[in-house]
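Asks: Count the sequence shown with the numbering used here and you get residues 2 to 173, in order. Positions of the beta carbon are idealized from the N, C-alpha and C atoms, including for glycine. Before I ask anything, let me first share the structure, which is written out below as structure tokens.
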Amino acid sequence: MKNQPARVCDLCFKELQKHSKLCPDELCSPSKNGSPVNHKSPSNALSTVLHSIPSGRKQKKIPAALKEVSANTEDSSMSGYLYRSKGNKKPWKHLWFVIKNKVLYTYAASEDVAALESQPLLGFTVAKVRDENAESRVFHLLHKNTLFYIFKADDIHSTEKWIEAFQEATIL
2 MKNQPARVCD LCFKELQKHS KLCPDELCSP SKNGSPVNHK SPSNALSTVL HSIPSGRKQK
62 KIPAALKEVS ANTEDSSMSG YLYRSKGNKK PWKHLWFVIK NKVLYTYAAS EDVAALESQP
122 LLGFTVAKVR DENAESRVFH LLHKNTLFYI FKADDIHSTE KWIEAFQEAT IL
């Protein structure tokens, strides 16, 4: 079946014809070695066509505010990995956080260019969770004395730095 129209669906074939500078006769007529005549890169042409055909899935629109700050921005107050839970019985998620201009940006990884979410921190309070057994690495982000998020850092030193950064971001 080499070099026969049956290799691609009709829609792809029409798209290939549109994208190709060759006429349909030249596109379909094989050379001595069986490849299309005068076509420099058939795989690139096919790839271009396949990527231009809608897949049926809608592309997720990312709000502009989430693209303003990349995960590895240099002029942030604080950035790094923390564990976050949305409640006492909710699972912990390991995420990358950036505090910049009194806004908390959340990313899946430190290489991401668009945030998953952003949360202005003005009006929030931060409270370290006291553990009677040892120094705690856990702190709460509260809004009007209601638990908003629970954070956990990797070590006590990081916990203190994060609490300080959150406290600076929550006041004018």
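Is the beta carbon of L123 less than 8 Å from the beta carbon of L173?
Replies: By 1-based counting over the sequence shown, the position of residue 123 is 122. By 1-based counting over the sequence shown, the position of residue 173 is 172. Yes, these two residues count as a Cβ contact at 8 Å.
Asks: Who are the Cβ neighbours of H40 in its own chain at under 6 Å, not counting the five residues just before and after it?
Replies: For the purposes of this step, residue 40 is taken as residue 39 along the sequence shown, with counting starting at 1. Residue confidence for H40 is low, a pLDDT of 44 falling below 50, so the modelled location carries little weight and cannot support an answer.
Asks: Report the residue from I100, K145, N73, S119 whose alpha carbon sits nearest the alpha carbon of I63.
Replies: Here residue 63 refers to the residue found at position 62 when the sequence shown is read from its first residue. If we check each option's Cα against that of I63, S119 comes out closest.
Asks: Rounded to the nearest angstrom, how far is the Cβ of L143 from that of T126, given a contact under 8 Å?
Replies: For the purposes of this step, residue 143 is identified with residue 142 of the sequence shown, where counting begins at 1. For the purposes of this step, residue 126 is identified with residue 125 of the sequence shown, where counting begins at 1. Right, their Cβ atoms sit about 5 Å apart.
Asks: I think A110 touches A166, with their Cβ atoms under 8 Å apart; what is that distance to the nearest whole Å?
Replies: Against the sequence shown, residue 110 aligns to sequence position 109. Against the sequence shown, residue 166 aligns to sequence position 165. With 8 Å as the limit, A110 and A166 do not qualify as a contact, their Cβ atoms being about 20 Å apart.
Asks: Ignoring anything shorter than 3 residues, give me the beta strand (DSSP E) runs that lie fully in the segment 130 to 158, in order along the chain.
Replies: 139 to 144, 147 to 153
Asks: May I have the straight-line CA-CA distance separating K91 from K15, to the nearest angstrom?
Replies: Translated into the one-based positions of the sequence shown, residue 91 becomes position 90. Translated into the one-based positions of the sequence shown, residue 15 becomes position 14. Taking the straight line joining both Cα atoms gives about 51 Å.
Asks: Within the same chain, show all residues whose beta-carbon is closer than 7 Å to that of D156, passing over the 5 residues directly before and after it, in chain order.
Replies: Taking the sequence shown and counting its residues from 1, one reaches residue 156 at position 155. Taken in chain order, the residues that qualify are R138.
Asks: I believe I151 touches S86 by the beta-carbon criterion, under 8 Å. Please report the beta-carbon distance rounded to the nearest angstrom.
Replies: Mapped onto the sequence shown, residue 151 falls at position 150. Mapped onto the sequence shown, residue 86 falls at position 85. With 8 Å as the limit, I151 and S86 qualify as a contact, their Cβ atoms being about 4 Å apart.
Asks: Which residues share a DSSP beta bridge with L105?
Replies: One-based indexing of the sequence shown puts residue 105 at position 104. L105 is bridged to I100, Q120.
Asks: Check whether the Cβ atoms of K153 and W93 sit closer than 8 Å, and answer yes or no.
Replies: As a working mapping, residue 153 is identified with position 152 in the sequence shown. As a working mapping, residue 93 is identified with position 92 in the sequence shown. A contact, by the Cβ cut-off of 8 Å.
Asks: In whole angstroms, give me the CA-to-CA distance for H141 and Q18.
Replies: As a position in the sequence shown, residue 141 is number 140, starting the count at 1. As a position in the sequence shown, residue 18 is number 17, starting the count at 1. In this structure, the CA atom of H141 is about 60 Å from the CA atom of Q18.
Asks: Does the beta carbon of S111 come closer than 8 Å to any beta carbon on chain C?
Replies: The structure shown contains no chain C; it is built from a single protein chain.
Asks: Determine the DSSP secondary structure at L173, reduced to helix, strand or coil.
Replies: Numbered from its first residue, the sequence shown carries residue 173 at position 172. Here L173 sits in coil by DSSP.
Asks: Alpha carbon to alpha carbon, what distance is there between K129 and T171?
Replies: Within the sequence shown, numbered from 1, the residue matching residue 171 stands at position 170. Within the sequence shown, numbered from 1, the residue matching residue 129 stands at position 128. Each residue's Cα considered, the two are about 15 Å apart.
Asks: Tell me V127's beta-bridge partners as DSSP assigns them.
Replies: For this step, residue 127 is matched to residue 126 along the sequence shown. In the DSSP assignment, the residues bridged to V127 are L142.
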